[in-house]
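Engineer: The sequence shown begins at 455 in the numbering used here and counts up by one. Ideal Cβ placement from N, Cα and C applies to all residues, glycine included.
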Amino acid sequence: MQRKTYAKIDGEALTKNVEEIRRKYPMYTYYFGVVKNNAYHHGMKCVLDLKKGGINYFAVSSLEEALLLRKYDSETPVLCLEPIDLEFIDDIINNNVTITVESLDYTEKLLESTLYGSIKVHLKVDSGMHRLGFTNKEDLKKAYDLLNQQNKIEIEGIYSHFATSGVVDPYYDEQVASFLDITSLIDLKSIPIVHLGRSLSLVQHEKIPFCNGIRLGIILYGFAQSIKPDRSFKGRLREVKRGYLQKKYHCSKTTLENDLDLQTAFSLYTEVMSVRRVSENDTVGYTKKRIKNDGYILTLPVGYADGVTSDFKSVWIGNNYYPIIADSMDMLMVFASEPVHVGTTVEIIGKHLPIHLVCSRTHKNAYHLLNDISNRVVRVHVKDKEQEEIYY
Ligand SMILES: Cc1ncc(COP(=O)(O)O)c(C=O)c1O
Numbered sequence: 455m456q457r458k459t460y461a462k463i464d465g466e467a468l469t470k471n472v473e474e475i476r477r478k479y480p481m482y483t484y485y486f487g488v489v490k491n492n493a494y495h496h497g498m499k500c501v502l503d504l505k506k507g508g509i510n511y512f513a514v515s516s517l518e519e520a521l522l523l524r525k526y527d528s529e530t531p532v533l534c535l536e537p538i539d540l541e542f543i544d545d546i547i548n549n550n551v552t553i554t555v556e557s558l559d560y561t562e563k564l565l566e567s568t569l570y571g572s573i574k575v576h577l578k579v580d581s582g583m584h585r586l587g588f589t590n591k592e593d594l595k596k597a598y599d600l601l602n603q604q605n606k607i608e609i610e611g612i613y614s615h616f617a618t619s620g621v622v623d624p625y626y627d628e629q630v631a632s633f634l635d636i637t638s639l640i641d642l643k644s645i646p647i648v649h650l651g652r653s654l655s656l657v658q659h660e661k662i663p664f665c666n667g668i669r670l671g672i673i674l675y676g677f678a679q680s681i682k683p684d685r686s687f688k689g690r691l692r693e694v695k696r697g698y699l700q701k702k703y704h705c706s707k708t709t710l711e712n713d714l715d716l717q718t719a720f721s722l723y724t725e726v727m728s729v730r731r732v733s734e735n736d737t738v739g740y741t742k743k744r745i746k747n748d749g750y751i752l753t754l755p756v757g758y759a760d761g762v763t764s765d766f767k768s769v770w771i772g773n774n775y776y777p778i779i780a781d782s783m784d785m786l787m788v789f790a791s792e793p794v795h796v797g798t799t800v801e802i803i804g805k806h807l808p809i810h811l812v813c814s815r816t817h818k819n820a821y822h823l824l825n826d827i828s829n830r831v832v833r834v835h836v837k838d839k840e841q842e843e844i845y846y
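Have a look at this one:
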């Protein structure tokens, strides 16, 4: 590694997270690992860790991502969540990629394509997100019948994606009802895999009886987005209030709490690249930030092109936090009152600067924060004491 900025990915933590999820929520048959955008920027090599923990289907956003995944795992089925241009039908078949069929128009194009081998499809229903999927039962029925007549096409799955799935959420129930309505003309039981939920639905809602699959993204990477069970008076009061609101708004049962023990797998480091003395009233960086005391500016090789800005507020070096004074595309400037050696390791996200803290400082959620750390940052994948530098 020449530029010393890298994200350390803890493969064991990912495996343990999946094991923990499967232990506490064993009611599904298919656990989809959502590894789009390079596994939420943890690096596609993580598919091996996720599979080891019990993920038995993957989901990506594009054919390119599916092909990257296939470099690590040639066997586990992978569903592409967006429709793939059928010009690439041979790549789809050769790499055993399951495709999403989301409209009658796409169905007809698929039927016009020459298939040299068999292909698995999952039908996508738009139950309220209004992004992708069949919006009415007649079109879905036509597509289902047309596809069912083809001997090279298998309708293996059907799914939808929740726009919302929070607690006390009437729209969640409306989306489930809408899914049932749109699928009412077809035989849902004839389709082997039915999957609606995502991370939040897993932990905050009861299992939907007709689903046997769940697509998990952010939770795999250590974010359960909920609180620990709380039997204190305040916790029970909260539960009573939730019960009252559920009744009032006719919502299905939800909870904010779970006792999942998950770990984040992502940390970010760099090292001091240059050190210079500054005096009180000197200015630093493009914004000419004025220095209040004599000291040192430590320049770090990481900037907003890597997804790191002065909004991160501080870094951790040795045993102390140091304030970030200025940022630029490729470098950050940090103030220290004492000199620090060039080459000293700097933590940007990690034990002392956990992701939830950086999220609150930057006003981002974990999805945005992780996905904003660019592919320019080398991923150092750590597993069983072995390290591999991966350039994506
Ligand atoms: C269609 C689909 N399914 C599942 C997921 C995973 O969601 P989450 O990370 O909230 O589990 C996503 C993420 O954006 C998605 O777009």
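For G450, count neighbouring C-beta atoms within 10 Å of its own C-beta (all shown protein chains included) and say buried if the count is 16 or more, exposed if not.
Structural biologist: No statement about residue 450 is possible, as the shown extent of the chain runs from 455 to 846 and does not include it.
Engineer: Tell me where the beta strand (DSSP E) around L586 begins and ends.
Structural biologist: No beta strand (DSSP E) contains L586, which DSSP labels as neither H nor E.
Engineer: Quick check on the contact list: which residues have their beta carbon closer than 5 angstroms to a heavy atom of ligand 1?
Structural biologist: V488, L535, H615, R652, S653, R669, G671, I672
Engineer: If you run the structure through DSSP and keep just helix, strand and coil, what is S572?
Structural biologist: DSSP, read as helix, strand or coil, puts S572 in coil.
Engineer: Hey, would you say G757 sits closer than 8 angstroms to L716, going by beta carbons?
Structural biologist: no
Engineer: Taking 8 angstroms as the cut-off, does the segment 597 to 606 touch the segment 681 to 698 (at least 3 CB pairs, one atom from each stretch)?
Structural biologist: no
Engineer: Among the residues of its own chain, which have a CB less than 8 angstroms from the CB of P777, if the five just before and after it don't count?
Structural biologist: So the qualifying residues of the chain are K767, S768, V788, F789.
Engineer: Which two residues bound the contiguous beta strand (DSSP E) that contains D781?
Structural biologist: In this chain, the beta strand (DSSP E) harbouring D781 covers 774 to 781.
Engineer: At what residues does the alpha helix (DSSP H) containing E518 begin and finish?
Structural biologist: 517 to 526
Engineer: For V532 versus V555, is the C-beta distance shorter than 8 angstroms?
Structural biologist: no
Engineer: Whose CA, out of D623, Y511, T618, lies closest to the CA of V580?
Structural biologist: Before going on, a small fix: residue 580 reads as Asp here, not Val. Here the closest residue by C-alpha is T618.
Engineer: I'd like to know whether the C-beta atoms of S515 and L540 end up nearer to each other than 8 angstroms.
Structural biologist: no
Engineer: Per DSSP, H659 is paired with what?
Structural biologist: T708
Engineer: Between S728, A780, S721, which has its C-alpha nearest H835's C-alpha?
Structural biologist: That would be S721, whose Cα lies nearest to the Cα of H835.
Engineer: Roughly how many whole angstroms lie between the Cα atoms of V648 and A513?
Structural biologist: Cα-Cα distance, rounded: 14 angstroms.
Engineer: What does DSSP give as the partner residue(s) for Y485 in the beta ladder?
Structural biologist: I668
Engineer: Where does Y740 sit, in a helix, a strand or coil, going by DSSP?
Structural biologist: coil
Engineer: Excluding the 5 residues preceding and the 5 following I509 in the sequence, name in chain order all residues of the same chain whose CB lies nearer than 6 angstroms to its CB.
Structural biologist: If we look at I509 and ignore the five residues flanking it on each side, its Cβ neighbours are V472, Y485, G487.
Engineer: Mind the definition here: the segment 648 to 667 touches the segment 723 to 741 only if three or more C-beta pairs lie below 8 angstroms; say whether that holds.
Structural biologist: no
Engineer: Using the Cα positions of I463 and G676, report the straight-line distance between them to the nearest angstrom.
Structural biologist: Straight-line spacing of the CA atoms in I463 and G676 works out to 12 angstroms.
Engineer: Rounded to the nearest angstrom, what separates H704 and E519 at their Cα positions?
Structural biologist: Answer to the nearest angstrom: the Cα atoms are 41 angstroms apart.
Engineer: Taking 7 angstroms as the limit between beta carbons, can you name the residues of its chain near I802, skipping five residues before and five after?
Structural biologist: Excluding positions up to five away in sequence, the list reads L722, Y723, T724, V756, V762, F766, V769.
Engineer: DSSP three-state call for F687: helix, strand or coil?
Structural biologist: helix
Engineer: Using DSSP bridges, identify the partner residues of Q841.
Structural biologist: Answer by DSSP bridge pairing, in chain order: V836.
Engineer: Which ranges would you report for the beta strand (DSSP E) in the segment 595 to 657 if only whole runs of at least 3 residues count?
Structural biologist: Here the runs fully enclosed are 607 to 613, 647 to 649.
Engineer: Could you check where the alpha helix (DSSP H) with V555 kicks off and where it finishes?
Structural biologist: Careful: V555 lies outside any alpha helix (DSSP H), inside the beta strand (DSSP E) at 551 to 555.
Engineer: Give the DSSP bridge partners of G749, in chain order.
Structural biologist: Its beta-bridge partners are V732.
Engineer: Between G667 and the rest of its own chain, which residues show a CB-CB distance below 8 angstroms, the 5 nearest in sequence each way excluded?
Structural biologist: Y482, T483, Y484, Y485, F486, Y511, G611, Y613, I647, V648, H649
Engineer: By Cβ distance, which residues of its chain are closer than 7 angstroms to E843, with the 5 residues on each side in sequence left out?
Structural biologist: M455, V832, V834
Engineer: Along the beta strand (DSSP E) that carries A719, what are the first and last residues, could you check?
Structural biologist: Run containing A719: none; DSSP gives neither H nor E here.
Engineer: State the start and end residues of the unbroken alpha helix (DSSP H) segment that holds L540.
Structural biologist: No alpha helix (DSSP H) holds L540; DSSP gives it neither H nor E.
Engineer: Taking S567 as the reference, give the member of N590, P624, I607 with the closest Cα.
Structural biologist: I607
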